[in-house]
Amino acid sequence: MKEEVIGHILARLGKDAAALTQEFNRERGLPTRFAIIDDLLPDETARAVHKAFPPVEKMRLLDSFREKKYTSKSLDQFDSIISDVTFAFQDPRVIDAICAVTGQRDPVGDPSLYAGGISEMTKGHFLNPHIDNSHDFEQKNYRVLNVLYYCTPDWKIEDGGNFELWDTRVTRPTEIPSYFNRLVLMETNDKSWHSVNKVKTESVRCCVSNYYFSPNSPNGYETSHVTFFQARPEQRFMRLVTLADGYIRTGVRKMLKKDLNKKDLYAGRRP
């Protein structure tokens, strides 16, 4: 199945490569470039991926003022189509094709799925505005691209749980619906604030997340920070709390010069 999925991804990217590059680089008044690819996989394949997602009881719940969602990297415990689709995005051919569209130089995949894997969000779940961890687990390469695949059938914008990109001051979001069979390519840098607004439906929002890295800084200068959160604009007091939290955790990271949380690494068999 993995080779079949890779073939579909390469064909879809190849079909509209020039248009996707143009879309990725289009001026939108945002500090973050992105592109949207709908109908990534054949409908039957996409529905099979969704059907194979595990029940939330088999996943790890992240629950704090920063975020609330279920995640897992225990892909070996689930239907093999889950790991096939996830690791299809880590295939060198797919990495090269995606980075040809987005322009990242010297792309490096991440088969350890650092902060990647699968996620599920149920009613009331959210992900507050944040910039991603600047580096990989070993602090050697910069994170440069998020590759997010959504696979919940019949998802509607009014269901919430939609992806958001923010201006540099984190005051105004641009909403990108988490539609079924949609792939979002989003650059990451020290100004690429993004979030997921609160899920409003009883349906479960399913996502496959992958990240690409590079020895080249996406900012044009050296920087290092943890995943740094802010609260939403209307949450004024909580915004102060999240800013303090981010600076403290970044300071600890710089002293230790590594990430101690190995729960964020995939340890299973790679297909």
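Taking the working numbering, I'd label the letters of the sequence shown as residues 1199 to 1469.
Glycine residues also receive a C-beta, built at the ideal position from the N, C-alpha and C atoms.
Source: prediction; values computed, not measured.
Would DSSP call residue i helix, strand or coil?
i       : result
GLY1358 : strand
ARG1380 : strand
VAL1368 : coil
LEU1458 : In this prediction, LEU1458 scores a pLDDT of 47, lower than 50, which makes its location untrustworthy; the coordinate-derived value is nonetheless stated afterwards. Three-state result, LEU1458: coil.
LEU1346 : strand
PRO1375 : coil
TYR1340 : strand
PRO1229 : coil
PHE1287 : coil
With residue i as the anchor, note down where its beta strand (DSSP E) starts and where it stops.
i       : result
LYS1266 : 1265-1270
SER1422 : Run containing SER1422: none; DSSP gives neither H nor E here.
GLY1485 : Here the chain comprises residues numbered 1199 to 1469, so residue 1485 is not present and cannot be evaluated.
ASP1261 : 1258-1261
VAL1247 : Unbroken run through VAL1247 is the alpha helix (DSSP H), 1241-1250; no beta strand (DSSP E).
VAL1394 : 1392-1394
PHE1276 : That residue, PHE1276, is in no beta strand (DSSP E); it is neither H nor E in DSSP.
ARG1403 : 1403-1412
PHE1324 : 1324-1329
Considering only C-alpha positions, which residue in the set the options is nearest to residue i?
i       : options                               : result
ASP1473 : ARG1291, ASP1237, SER1393 and GLN1428 : With the chain running from 1199 to 1469 in the structure shown, residue 1473 is simply not present.
PRO1252 : VAL1402, ASN1417, ASP1443 and TYR1419 : VAL1402
LEU1438 : ASN1379, SER1272, PHE1263 and ILE1235 : PHE1263
CYS1297 : HIS1248, SER1272 and LEU1211          : LEU1211
HIS1328 : ARG1226, THR1386, GLU1202 and LEU1208 : THR1386
PHE1287 : TYR1377, LEU1208, GLN1302 and ASP1388 : LEU1208
SER1270 : PRO1229, ILE1235 and MET1319          : MET1319
LYS1396 : TRP1364, SER1390, HIS1423 and ASP1357 : ASP1357
VAL1382 : ASN1344, THR1425, VAL1424 and ASN1331 : ASN1344
PRO1416 : THR1399, ALA1442 and LYS1389          : LYS1389
ASP1282 : TYR1377, GLU1202, LYS1267 and GLN1433 : GLU1202
GLU1255 : GLN1275, VAL1247 and GLU1432          : GLN1275
GLU1400 : GLN1433, GLU1362, PHE1435 and LYS1354 : LYS1354
Buried or exposed: residue i, going by 16 or more other Cβ atoms within 10 Å of its Cβ?
i       : result
ALA1429 : buried
GLN1302 : buried
THR1350 : buried
ASP1294 : exposed
Could you please give the first and the last residue of the uninterrupted alpha helix (DSSP H) stretch that includes residue i?
i       : result
ALA1233 : Per DSSP, ALA1233 belongs to no alpha helix (DSSP H); it is in the beta strand (DSSP E), 1232-1235.
LYS1200 : 1200-1213
Given 8 Å, three or more beta-carbon pairs between the region 1363-1372 and the region 1404-1420:
Result no; under three Cβ-Cβ pairs closer than 8 Å.
Would the region 1240-1251 count as touching the region 1323-1334 if we require 3 or more Cβ pairs under 8 Å?
no
Below 8 Å, how does it come out for the region 1411-1426 and the region 1329-1340: are there three or more Cβ pairs, yes or no?
Verdict: yes, contact present.
Are there three or more Cβ pairs, one per stretch, closer than 8 Å when the region 1217-1225 is compared with the region 1256-1273?
no
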